[in-house]
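Working notes for the structure below.
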Amino acid sequence: VADFDSSPTNQELQKGHPLTVEEFNEKIKKVNHQLRVERQPLNKTKGMFYWIRNDLVKGGTVKQQICPCEGNRMPEYSIMSTQIEELPNMKPILGKDDEAIIRTEVLYDELERGWRTLLIRAIIAGAATLEKVEQVFGSSPRARWQTQVGKGSTVLAY
């Protein structure tokens, strides 16, 4: 699987095909009419992705939170930040020029949650199938998507 995006910190590449909450909701209801994003009442820039389904025990409906998300426009792929961490050098034998501690860049925080992350979370929650998600939203050639949906395996740079 080819990895067209080696850095999830590249904001331009991660935007992909952005969707507004309204556009996402129109598409996600074709996957499962019980799924939707609602903006947070006190902060309209943030939202929550819900699965609203029948409560077979108590009757009525239950509003299950799947994950928080952006409340306005969502990039296609999550935009991440990194930080430098000091890690032990894992070489079995260190030479005289080898450092015992190496500094490396690691993923640190999700700055903006992408709509493909919401799709993965809906699949994990059992609220959607991969087949239906890809029928409505399309697939992605990116290695990270292919790995997350079980279509490929690759060593990701991040």
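Residue numbers for the sequence shown follow the numbering used here, so the first one is 16 and each next one is one higher.
Built from N, CA and C at the ideal position, the CB exists for glycine as well.
| Asked | Found |
| --- | --- |
| My guess is that Ala-143 and Asn-25 are in contact by the Cβ rule of under 8 Å, so how many angstroms apart are they, rounded? | Ala-143 to Asn-25, Cβ: 28 Å. No contact. |
| Please report the distance separating the alpha-carbon of Thr-162 from that of Ile-116. | 30 Å |
| Can you name the residues that DSSP bridges to Glu-53? | Met-63 |
| Entirely within the region 63-118 and at least 3 residues each: give me those beta strand (DSSP E) ranges in chain order. | 76-85 and 94-103 |
| What is the residue span of the alpha helix (DSSP H) that Arg-223 lies within? | Because the chain in this structure spans residues 16 to 173, residue 223 falls outside the shown range and cannot be described. |
| Are Val-36 and Asn-87 touching if we call contact CB-CB under 8 Å? | yes |
| Quick one, which of Arg-157, Val-72 and Asn-40 has its alpha-carbon nearest Tyr-65's? | Asn-40 |
| Should Gly-129 and Pro-90 be called a contact, given that it needs their Cβ atoms to be closer than 8 Å? | yes |
| Within 10 angstroms of its Cβ, does Gln-29 collect 16 or more other Cβ (buried), or is it exposed? | buried |
| Is it buried or exposed, Gly-165, if we count other Cβ atoms within 10 angstroms and call 16 or more buried? | exposed |
| On the CB-based measure, 16 or more other CB atoms within 10 Å of its CB, does Met-95 come out buried or exposed? | buried |
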